[in-house]
Every structure is written in structure tokens, then in C-alpha cells.
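Participant:
Chains as they are written, first to last, in this note's numbering: chain A, 1 to 668; chain B, 669 to 820.
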């Protein structure tokens, strides 16, 4: 018989208000294997932990059940307590009586019965739990950052600052991300490029940072401490060793009317191009889709004019495998494609643009050299309507607040006034959210000093008439219908996860929330981690954020990464599969199903009837086993079991619960 | 549903509550069930949850064992197809369970007693709905008696 102690947590009133603590304790004390049961207000607190330590000593416990919150919350806490008490941490199990009981059930009797069952199941499980030792694996001291926007750049710089080699993968031809395209930044109005480009250059000059631009992450294998990442290096058709970024090629490229992705279509680019003048690296790529040579087989103008012979039409995508110990995901955001949103007739009226298009126009290095112009006729707009919450806070599109729009719309209104002094800005808003240092003051400034007209209400219709864009909406403060005849309409469209996020989540094995943003491990306490060890998040890929927040999270992810990589080796969960070689028949079903290549074909020599016999059997490579248990459930001969999730443990849980049920049924 | 079950239902219906064993994968559905808790979304009290690393870890024998030991219903919930934390465990699970459902029918266990669902870590609401639906269905199907249903 095991000697199990059961510790039931009130979690203040969180559990105790719905689950009868005394009844659970009483029931627990009567269970087989249980030699001690008690309850306490906060088991995770210092005195709570001491209760466990003291009881372990006094009652010579060799197993612990903590009935409290989800093991996803406090399993590490109580495993540490078990270890301190001299009990193997894997003989500590948590019964989840908060998230999966007291918080979702109102009836005290029902919830108490469920809590008792949960304790029964876990006591039975502990009795079947073997003592396990964590597996130690050496750490690869190299980090990967996916996404070269401000969050990714900051993360890469900080990791490199800590002396760790960093690979920065960016799918476009240059790092810089969305911030590189912005004009001035709120609330200080400092120039975005002036503060970003030095960082971009730092990243490219750092000896510890390897830039992989125009590259994408194709595949990720392995686990925390030792990931194997396959990077697709898209063909640039330019020899980066030879190219010196002189620009002759793109000036000579005859095909100049390709809408620039970087400018969101406000400006054009050539088929061989750098996305913007300050690009890092300042090396062009040829866009295969739009290059005349690739389409017709004729042209090669860039090749003719390149004095260094850097153009190479024969290039193909290459794949490179790199080994890293940690991954920081900083893939950023896109704007909601609202060509679907009929009320704004986006795309149908040229003078209706998005906030990011406005940024490109007002940027001094943008396609209009900082002049704000009407796309329809190239004239200066005198009346500009800014619409907040386009697709955000709207249950028809995105329920959430995109967070940055209130501030950037106010900034746009200020910039408009600075560039075109006699222009008038109107802003349709739901309410102004200006939570941030200096933010409230900034939008007030837009309103009071810069004369922006704030209209509280939603826009109902936008249409063109007589060369103007008519915006109809409601001013809910005056209760009147408003109609503005605008020259330009700027939509603050919802921030959504960057295109391809879903695919990347799959590659990385991390989860997304209902809107497609990557999930953090805990919304309050682990905002930078993902549930997958060794993968961290930074910037807008986790939720909409402004620049300071993205930078802060980039630094936070870097510090997490450095913490992880500062160790010589890390411990991995010992919950791996184990083959019994004496009964394995070598059918290789396990080899065939394992997604990680952990089961390996090997041999054993045994003595049968005095003769030595060599048999082919499967053997699990612990370093590769991720502990999913697929092979265990697949093995037709039941020759594989999983430590920490053994068949016996699962059957004990089933039995622990259903024994009670059968007893009740029989007494009917 | 067998004859024996049908006859019992009317008298049992008012207070009877199904006993359901739920196998939830650690990465999606268990986290989804936790989220239902954090979001305080109420749902029926009749599922007892067993945490497993992956729906692919669930051996069909575990489900049969649960029925043999007196469960009225079994629920397995994992990550959405394509979203498996272990890449493809849930695909294997899905195939196995399709076969198991047929087997259950064959041996006289109403296949409605066994359900598979895909609940992600962000779908607390969906988890509550799944439990609601499973419970409602089992209330219709009624209690399960292995001795009477099977040949043991």
C-alpha cells in the first residue's frame, strides 16, 4: 500500500464556496492508500506548502494528491514541494477541483461529489505512479527569431547582447516590418524611421546576428533546448556576395508599375526591387511573378546593366537546417481585408484609404515624399474623415479592440494639420481609448490645439458624389445625423494576425486564440511564453500592440530566451514511451506512426532454451520522444508503455471513479 | 439501445444522472475545459476528466474498460484535426474511433454512448456545449448496465 496524503485547497472562496471542504476531506481520509487528509485556505501559500511538508514527514508519505486548481497552473509549484518533502515529484498529482469543478458548477452537492471523485481518481493514480527522474539534455546555445519587425529586431538585439548567436528570419526582402513604413509615431511625433533604422543597422552589423531575409520557416522538429529548424531561402536571383546595392538594376528595370507591397499600393515598384530606400540588407530581389524575363523569356535588362554580374536567373529556393535552443515568434500583424465591408466601398472609391496607406503618403521617404494627396486626382485634400473601429469592436467582424487605432488616428489628424494648414479633420469614434504614457494628453492636443473635430458615432455609409466622398454617420452626442463631404477618408481597420500565422502555428505546434493570435501560456503571469517549452512570443502576433509594448515584449522574450540558454543542460519531462524488448515482435507499427522518429529498430540477444537468439526489436530514443503516447496506443502487442501516463495509471483513474459508480448502482 | 435499457428509462429519468468518463488531451481540450472554468461558463456536472497527453494516447481498450466498469458514456476530446500538438496524433485517434464506434454497435453498446469532439485551448464555450450535448444525449439513451447489455 502506498502512503498518500491528500491536501485540499479552498483557494479562498474560489473552491470553498461551491465545494464542501469538510466532506471532501472526510471522504478522502477513508480512501485506500490515504493515510492523511486535510484542507487549507491557500495550499500554494507559504503556510500551505509547510502543511504539506510537515505532514509528509509526520506521516511518512510517499505520494501526494493536491486537490486545487488546474495542474496547468500549479503543478510545478507542488512538484517542487513534493521534492522538498523527499517525495518523487511524479508521485504528486493534482485533482483539478477549481477550473473543472467549482468554477463551472453551482450546485454544492454536485460539485462536492465531483471533487470527491477527482480526489479518488488521483489517489488511485498516485498509487500506480512510479518515481521518475527528469531527463537531462544539453542545450543548443543559439536562438531563432521569426519576424524582422521592431519586436523581432529588439528581441534579436537583446539576445545577441547576452552573447548568444541569433538567427533572424524575415520573409520580405528587408527587416524593419510595419514600423519602417510609418511616418511619425505617437505621442511624441518622433520620426519612425529615424529611431528604427539605427536598430536595423545594428542588427545587420552584429557579429552574433545572422540575417535571413526573404526566408521562411519551413519545418520545426525537436523540442525545447534542441530545435531543428528548416529555413527556406527563397531565390533572390541576385548573388548577395557580389551585389553592392548600387541600384542600377532597379533603375533600368523596364517594368515599373507594380503596386508596392511595402507602400500598400500607394506607390509602385519595379520587378527587381528593394522595398524601401533604407532597406537592410540593401540588396534587391527579383519578384518572379512580375518579372518580364520569367514571364516571356526576354529582357534581362538588370543583368546587362549590373557591372558586378550579380544577377543570377538560375537560382533556386534553397533549404538550410539550423539547430537552435529557443524560438521567438514575432510575426506581427496585417490589417483586416475589408474589401468585403460594403459600407465603406473600399477599393471602389480611390479616395478611401487605410491608415497604413496614409502613413506611406505622409512618410517623407514614401512614394509621395510626404505629400498627402487624393489618390483620385493628386490634389491636396482639405476635408479628411478618419473612421475609428473599422471592423474592430464590431461583432460582424472582429469583436476585440485593435488598441492602436485611436492613437494613430489622432496622430494622423495632427500630421494632416501640420502638412496642410487649412485642412479640417473629422474623426468618427466610439470612444477614445488612450491608455498609455502621454496618450490622453496627445489626443486632447489633436482635439483642442489642432482643431480636429471628434464625432461620436459610427459611420453608416460612404459613397462618392460630385468628386467628393460623402460620409454619413450619426453624432450620438447631439443625436443628429451627420454628413461630411470629404476629399479623403482614412479607415482605421482592424489589426489581425499576419498572413500565414495559422500555418506557422501548425509548424511550431503552438495554439492560437479565437481570432488567430498566438496564445500565451498564461494571460497574466506568462504573457511571453507559449504552452510549448522554448517558444516565446513578441509583438502583435500575440495581440494588437503599439511600438513601446512590442519593444518591451521583444526584450522580455529575449530575457526568457537568455534565461533558458544560460543553462548547460535542461531537464525534459521523463514522460516518455518505453518498449519491453522481451515481448516486442518487431512489427514496426510504432516506427511507422511516430511523428518524431523516436522508436528505432534495434536488436537484443536473449537466451531461449539455452541458445542465444538475436531478435529485432524496437527501442525508443528518449531524446527524440515527445511523450504523446501514440505508439503506446498503437502497439498491437501492448509492448510499449508510457512513463507518467502508463496504462496502469489511466486504468487506476477509470477504476477510482467507476468503483464508486458501480457501488452506487449495485445499491439501487 | 437494448430492450433492458428502454424499460428502465421511464422510472429512472427524473433523478438519474449519467456517469461519463472524459479523456482530454493536455494541450487543447484540457486547456479548453480550464478556460471554461476561468470564464465561469457553467455546464452539467457529470463528466469526470482524465488528462492524457494526446487523443492519440487513448487506447480503444481504455474506452471499453470504462464501459465494463460502469460508465454510461465516454467522451474523448482532442485538438482540432490539423492542430495536434504532436502533429498527427489526433488523425490516428480519429481513425481508431471510427472503427471503435462500429465495434460498439456490433457488441450491443449503443454507439451514442461514445463521442469524440475537437475542442481547442481557446474554446471554453465549445467545451461547455460539448458536455451539454453529451449529457443531453445520454439522458435520452439512459443508464448502461454492462451485465445486461453484454454477455458477461
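Beta carbons: idealized from backbone N, C-alpha and C, even for Gly.
(1) Using the beta-carbon of each residue, which ones in chain B are nearer than 7 Å to residue 117/A?
(2) By the three-class DSSP mapping on this structure, what secondary structure does residue 315/A have?
(3) Under 8 Å, Cβ to Cβ, is there at least one residue of chain B near residue 104/A?
(4) What is the DSSP secondary structure of residue 433/A, reduced to helix, strand or coil?
(5) Step through the CB atoms of chain B and report whether any lies within less than 8 Å of the CB of residue 661/A.
(6) With a threshold of 8 Å between beta carbons, is residue 670/A in contact with chain B?
(7) Would residue 767/B count as contacting chain A if we go by Cβ distances under 8 Å?
(8) In this structure, does DSSP put residue 676/B in helix, strand or coil?
(9) Got a sec? Which residues, its chain only, sit under 6 Å from residue 130/A by beta carbon, not counting five neighbours each side?
(10) Could you give the distance in angstroms between the alpha-carbon of residue 489/A and the alpha-carbon of residue 403/A?
(11) Exposed or buried, what is residue 651/A when buried is set at 16 or more other beta-carbons lying within 10 Å of its beta-carbon?
(12) Less than 8 Å between CB atoms is the rule here; does residue 7/A satisfy it with respect to chain B?
(13) Starting from the C-beta of residue 562/A, find all residues in its chain whose C-beta is less than 7 Å away, skip the five residues before and the five after it, and write them out in chain order.
(14) Short check: CB of residue 126/A to CB of residue 63/A, under 8 Å?
(15) Evaluate contact between the region 408-420 of chain A and the region 350-370 of chain A, counting only Cβ atoms and requiring at least three cross-stretch pairs below 8 Å.
(16) Whose CA, out of 532/A, 143/A and 456/A, lies closest to the CA of residue 478/A?
(17) Along the chain, which unbroken stretches of the alpha helix (DSSP H) at least 4 residues long are found entirely within the region 743-770 of chain B?
(18) Tell me the rounded alpha-carbon separation between residue 328/A and residue 808/B.
(19) Could you name the residues of chain B that residue 655/A contacts, counting a contact when the two beta carbons are closer than 9 Å?
(20) Could you tell me whether the Cβ of residue 710/B comes closer than 8 Å to any Cβ of chain A?
(21) Suppose contacts are defined by Cβ-Cβ distances below 8 Å. Is residue 579/A in contact with residue 619/A by that definition?
(22) Give me the chain A residues within the contact set of residue 857/B, using Cβ-Cβ distance strictly less than 9 Å, ordered along the chain.
(23) Would you grab the beta carbon distance between residue 550/A and residue 150/A for me? Rounded to a whole angstrom, and I think it's under 8 Å.
(24) Residues bridged to residue 693/B by DSSP?
(25) Could you tell me if residue 109/A is buried or exposed, where buried requires 16 or more neighbouring beta carbons within 10 angstroms of its beta carbon?
(26) Taking CB distances under 8 Å as the criterion, tell me whether residue 621/A reaches chain B.
(27) Starting from the beta carbon of residue 781/B, find every residue of chain A whose beta carbon is closer than 7 Å, and list them in chain order.
(28) Starting from residue 237/A, follow the beta strand (DSSP E) in both directions and report where the run begins and ends.
(29) Using only alpha-carbon positions, find the residue among 502/A, 482/A, 656/A and 334/A that is nearest to residue 177/A.
(30) DSSP state of residue 485/A, grouped into three classes?
(31) Considering only the alpha carbon of each residue, which of 687/B, 775/B and 798/B lies closest to residue 698/B?
(32) Which residues in chain A have a C-beta closer than 8 Å to the C-beta of residue 725/B? List them in chain order.
(33) For residue 748/B, tell me which candidate among 143/A, 65/A, 505/A and 341/A has the shortest Cα-Cα distance.
(34) In chain A, what lies closer than 8 Å to residue 706/B by C-beta?
(35) Check whether the region 368-381 of chain A and the region 437-454 of chain A are in contact - that is, three or more C-beta pairs closer than 8 Å.
(36) Checking contacts by CB at 8 Å: is residue 648/A closer than that to chain B?
Facilitator: The short version:
(1) As a working note, residue 117/A is residue 117 in the first chain. Ordered by position in chain B, the residues that pass the 7 Å Cβ test against residue 117/A are 716.
(2) Position 315 of the first chain, counted from the first residue, corresponds to residue 315/A. In this structure, residue 315/A counts as coil in the three-state DSSP scheme.
(3) Within the first chain, the letter at position 104 stands for residue 104/A. Answer yes: the Cβ-Cβ gap between residue 104/A and chain B drops below 8 Å somewhere.
(4) Along the first chain, read from residue 1 onward, the residue named residue 433/A stands at position 433. Note: residue 433/A maps to coil in three-state DSSP.
(5) The residue you call residue 661/A lines up with position 661 of the first chain. Yes, residue 661/A counts as interfacial toward chain B.
(6) Nothing about residue 670/A can be reported from this structure: the residues present for chain A run from 1 to 668 only.
(7) What you label residue 767/B is simply residue 99 of the second chain in a count that begins at 1. No, its Cβ sits nowhere closer than 8 Å to a Cβ of chain A.
(8) In the second chain, the residue the question calls residue 676/B occupies position 8. The pLDDT assigned to residue 676/B is 49, lower than 50, so where the model puts this residue is not dependable; a value taken from the coordinates is nonetheless given after this. Of the three classes helix, strand and coil, the one that applies to residue 676/B here is helix, per DSSP.
(9) Indexing the first chain from 1 puts residue 130/A at position 130. Excluding sequence neighbours, residue 130/A sits near nothing in its chain.
(10) Here residue 489/A corresponds to residue number 489 of the first chain, with the count starting at 1. Here residue 403/A corresponds to residue number 403 of the first chain, with the count starting at 1. Roughly 20 Å separates the two Cα atoms.
(11) To locate residue 651/A, count along the first chain from 1; it is residue 651. Classification for residue 651/A: buried.
(12) Numbered from its first residue, the first chain carries residue 7/A at position 7. No - not a single Cβ of chain B is within 8 Å of the one on residue 7/A.
(13) Within the first chain, the letter at position 562 stands for residue 562/A. Hits under 7 Å: 159, 162 and 164.
(14) Residue 126/A sits at position 126 when you count from the first residue of the first chain. Residue 63/A sits at position 63 when you count from the first residue of the first chain. Yes. Within cutoff.
(15) By the criterion of at least three beta-carbon pairs nearer than 8 Å, the region 408-420 of chain A is in contact with the region 350-370 of chain A.
(16) Here residue 478/A corresponds to residue number 478 of the first chain, with the count starting at 1. When 532/A, 143/A and 456/A are compared, the shortest CA-CA separation from residue 478/A is found for 456/A.
(17) When DSSP assignments are scanned along the region 743-770 of chain B, no uninterrupted stretch of alpha helix (DSSP H) that is 4 or more residues long falls wholly within it.
(18) To locate residue 328/A, count along the first chain from 1; it is residue 328. To locate residue 808/B, count along the second chain from 1; it is residue 140. Here the C-alpha atom of residue 328/A lies approximately 50 Å from the C-alpha atom of residue 808/B.
(19) As a working mapping, residue 655/A is identified with position 655 in the first chain. Within chain B, the residues near residue 655/A are 733 and 737.
(20) Position 42 of the second chain, counted from the first residue, corresponds to residue 710/B. For residue 710/B, the answer is yes, since a Cβ of chain A falls inside 8 Å of its Cβ.
(21) Walking along the first chain from the start, residue 579/A turns up at place 579. Walking along the first chain from the start, residue 619/A turns up at place 619. Yes, they are a contact pair.
(22) Lying outside 669 to 820, the shown extent of chain B, residue 857/B is not represented and no answer is given.
(23) On the first chain, residue 550/A is found 550 positions in, with the first residue counted as 1. On the first chain, residue 150/A is found 150 positions in, with the first residue counted as 1. Correct: roughly 5 Å between the Cβ atoms.
(24) Reading the second chain from its first residue, position 25 is the one you call residue 693/B. According to DSSP, residue 693/B bridges with 720/B.
(25) Sequence index remark: in the first chain, residue 109/A carries index 109 (1-based). By the neighbour-count rule (16 or more Cβ atoms within 10 Å), residue 109/A is not buried but exposed.
(26) Here residue 621/A is taken as the residue at index 621 of the first chain, counted from 1. So no, residue 621/A is outside the interface.
(27) In the second chain, counting from the first residue as 1, residue 781/B sits at position 113. Within chain A, no residue comes near residue 781/B; the closest Cβ sits about 14 Å away, beyond 7 Å.
(28) By 1-based counting over the first chain, the position of residue 237/A is 237. Here residue 237/A belongs to no beta strand (DSSP E), and DSSP marks it neither H nor E.
(29) Looking up residue 177/A in the first chain gives position 177. Answer by Cα proximity: 334/A.
(30) For the purposes of this step, residue 485/A is taken as the residue at position 485 of the first chain. Strand.
(31) By one-based count along the second chain, residue 698/B stands at place 30. The residue with the shortest Cα to Cα distance from residue 698/B is 798/B.
(32) Taking the first residue of the second chain as 1, we reach residue 725/B at position 57. What residue 725/B touches in chain A: 628, 629, 630, 632, 633, 642 and 645.
(33) Numbered from its first residue, the second chain carries residue 748/B at position 80. The residue with the shortest Cα to Cα distance from residue 748/B is 505/A.
(34) Within the second chain, residue 706/B is the residue found at index 38, counting from 1. The answer, in chain order, is 99 and 103.
(35) no
(36) Locating residue 648/A in the first chain gives position 648, counting from the first residue. Against chain B, the CB of residue 648/A has no partner CB under 8 Å away; the residue lies outside that interface.
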